[in-house]
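Residue numbering for the sequence shown is 3 to 140, as defined by this note's numbering. One structure is given below, encoded as structure tokens.
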Amino acid sequence: MIKALVPAAVTMSLLVAGCQVASADPGLDRDVTLGGGQEASVDGLRVRFADVLEDSRCPASVACFWSGQARLTVVAQPEGDPPTTVEFNTNPSPGQGVSSGTVGGYTVTMRSLEPYPQTPEDATPFEDYRLTLSVAKG
């Protein structure tokens with residue numbers, strides 16, 4: 003049981019302290035998970051989970067006419083360049099969803115946004131969100 007808790011404790015300490023993700027092989031995707039307001043450096047690109055603009059995703063306990071969407075922003079800054087705001091949108095309608103953006107020579111892709119709302123009363127504080135991004139260089 004204690005062996006199972008060690009990886010979770012390490013993961014939580016990285017989330018609390020922020021993340022540094024290094025790459026030995028440029029061009030490969032590197033995943034990073036950020037809490038609301040947290041930032042990390044991935045292969046020379048600084049990314050910060052800046053804001054959740056909207057979270058109207060249909061709660062799991064409700065039958066909705068529309069699945070809803072989450073809109074969020076990430077500020078990305080390659081070394082030596084000004085910051086750029088990238089907006090993501092989980093809207094499943096054709097042409098409406100935005101899951102990746104390009105900043106400098108990097109592609110930033112949204113992999114997931116957690117937690118998923120369970121009831122209509124769920125209001126997730128910004129700092130409790132967890133955004134998983136993939137960063138690819140080149």
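C-beta atoms are modelled at their ideal positions from N, C-alpha and C, and glycine is treated no differently. Here the structure is a predicted model, which is why all the values come from computation and not from measurement.
Paired residues, beta bridge with residue i - DSSP
i	result
residue 91	73, 100
residue 65	Answer is none; residue 65 lacks a bridge partner.
residue 50	41, 77
residue 109	104, 138
residue 59	In DSSP, residue 59 forms no bridge with anything.
residue 116	132
residue 86	78
residue 35	134
Residue j beta carbon less than 8 Å from that of residue i
i	j	result
residue 41	residue 50	yes
residue 46	residue 129	no
residue 77	residue 52	yes
residue 69	residue 94	yes
residue 122	residue 61	yes
Whole-angstrom distance between residue j and residue i, CA atom to CA atom
i	j	result
residue 81	residue 136	18 Å
residue 125	residue 133	16 Å
residue 100	residue 74	10 Å
residue 117	residue 55	15 Å
residue 63	residue 119	9 Å
residue 127	residue 107	33 Å
residue 65	residue 71	15 Å
residue 39	residue 98	25 Å
residue 105	residue 138	10 Å
residue 102	residue 89	9 Å
residue 44	residue 115	19 Å
residue 83	residue 67	43 Å
residue 109	residue 79	12 Å
residue 57	residue 111	18 Å
Nearest-angstrom beta carbon gap, residue j and residue i [assumed within contact, 8 Å]
i	j	result
residue 59	residue 92	7 Å
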